[in-house]
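In the numbering used here, the protein residues as written are 177 to 283.
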Amino acid sequence: MSVNPKGKTTAIVSYLTGVGTLIAITMNMDDKHEFARFHIRQNFGLNLFFLGFALFISQWLNMYASMGLYISYIVLWTYGFIGMLNNKKQEIPFIGKASQKWFTFIN
Numbered sequence: 177m178s179v180n181p182k183g184k185t186t187a188i189v190s191y192l193t194g195v196g197t198l199i200a201i202t203m204n205m206d207d208k209h210e211f212a213r214f215h216i217r218q219n220f221g222l223n224l225f226f227l228g229f230a231l232f233i234s235q236w237l238n239m240y241a242s243m244g245l246y247i248s249y250i251v252l253w254t255y256g257f258i259g260m261l262n263n264k265k266q267e268i269p270f271i272g273k274a275s276q277k278w279f280t281f282i283n
């Protein structure tokens with residue numbers, strides 16, 4: 177039986193849409209849990225990745241590119257969410273390391 181790390185509730189909230197990430201940032205402002213901060217940064221980067229590529233792909237109206245974007249988002253989101261549920265701080269492939277480095281303003 178594993179013990180839940182402090183901030184797990186905030187980490188869960190961060191995975192509930194882009195608005196959930198913003199709510200989790202405000203929830204973690206006072207407590208500053210390391211586990212929550214890690215997952216907030218991961219999901220913030222994932223949401224920016226999705227929005228950026230969605231804007232880029234929308235210029236061509238290509239259905240296959242859009243489907244690829246949605247599938248990659250769902251796979252990466254699931255990877256991060258399952259890692260969080262297992263109390264792990266594992267980086268999301270391709271964007272996890274950059275998210276931890278670029279979004280240091282998320283405390």
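For glycine and all other residues, C-beta sits at the position ideal for the given N, C-alpha and C. Being a predicted model, the structure only gives us computed values, none of them experimental.
inquiry  = Suppose the cutoff is 6 angstroms on Cβ atoms and the five residues either side in sequence are ignored; what does the same chain contact list for GLY194 look like?
reply    = ASN223
CB of SER275 within 8 angstroms of CB of GLN218, strictly = yes
Helix, strand or coil at HIS209 according to DSSP, with G and I counted as helix = coil
key: Proximity below 8 angstroms, CB of MET287 to CB of TYR191   = Here the chain has residues from 177 to 283 only, and residue 287 is not among them.
query = Excluding the five sequence neighbours on either side, which residues of its own chain have a C-beta within less than 6 angstroms of the C-beta of ALA200, listed in chain order?
reply = THR186, VAL189, SER190, ILE216
task = Can you say whether PHE257 is buried or exposed, counting buried as having 16 or more other CB atoms within 10 angstroms of its CB?
result = buried
ask   = So, are the CB atoms of HIS209 and GLY228 less than 8 angstroms apart?
value = no
query = Can you give the Cα-Cα distance for SER248 and GLN266, rounded to whole angstroms?
reply = 17 angstroms
query = Taking the alpha-carbon positions, what's the ASN238 to TYR246 distance?
reply = 13 angstroms
query = Quick one, are the C-beta atoms of ASN262 and ASN180 less than 8 angstroms apart?
reply = no
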